[in-house]
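Here the structure comes first, spelled out in structure tokens, and everything after it is commentary.
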Amino acid sequence: VQLQASGGGLVQAGGSLRLSCVASQSIFSVRDVGWYRQPPGKERELVATITNGGRTNYADFVKGRFTISRDITQNTMYLQMNSLKPEDTAVYYCNVIGRRGEHYWGQGTLVTVSS
48 VQLQASGGGL VQAGGSLRLS CVASQSIFSV RDVGWYRQPP GKERELVATI TNGGRTNYAD
108 FVKGRFTISR DITQNTMYLQ MNSLKPEDTA VYYCNVIGRR GEHYWGQGTL VTVSS
């Protein structure tokens, strides 16, 4: 599965961005889809996921501000990011976990939040 992420950019604190990630194959039967991020100089961390059954999971630092969603008919996942903070600055990666537990990653899209 190839993943193409887009939607990153420069935004002021308090603003919003919507990230998109299109998969080259159907995401109907995958185990999970999700978003991770890697802030400058730090490790990659989980942001949000959706299971095959539709259950969502969010990191504490984005709860109430970010919303993950997917459109199975379009093989696309989204991350709506509201009330952005400078500490949300990172490269954001989309991720798919296949039925056998294999991971697929997008190329990353940079989000920069200015104060």
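Under my numbering, read the sequence shown as residues 48 to 162, first letter to last. Here a beta-carbon is modelled for each residue, glycine too, at the ideal position from N, C-alpha and C.
The three-state secondary structure of GLU134, taken from DSSP, is helix.
For THR136, the closest of GLU149, GLN51, PHE108 by C-alpha to C-alpha distance is PHE108. Here ARG117 is buried: its Cβ has 16 or more other Cβ atoms, across all protein chains shown, within 10 Å. Within the same chain, Cβ atoms closer than 7 angstroms to the Cβ of VAL58 are found at LEU64, LEU131, VAL160, the five residues on either side in sequence being excluded. Secondary structure of PHE75 (DSSP, three-state): coil.
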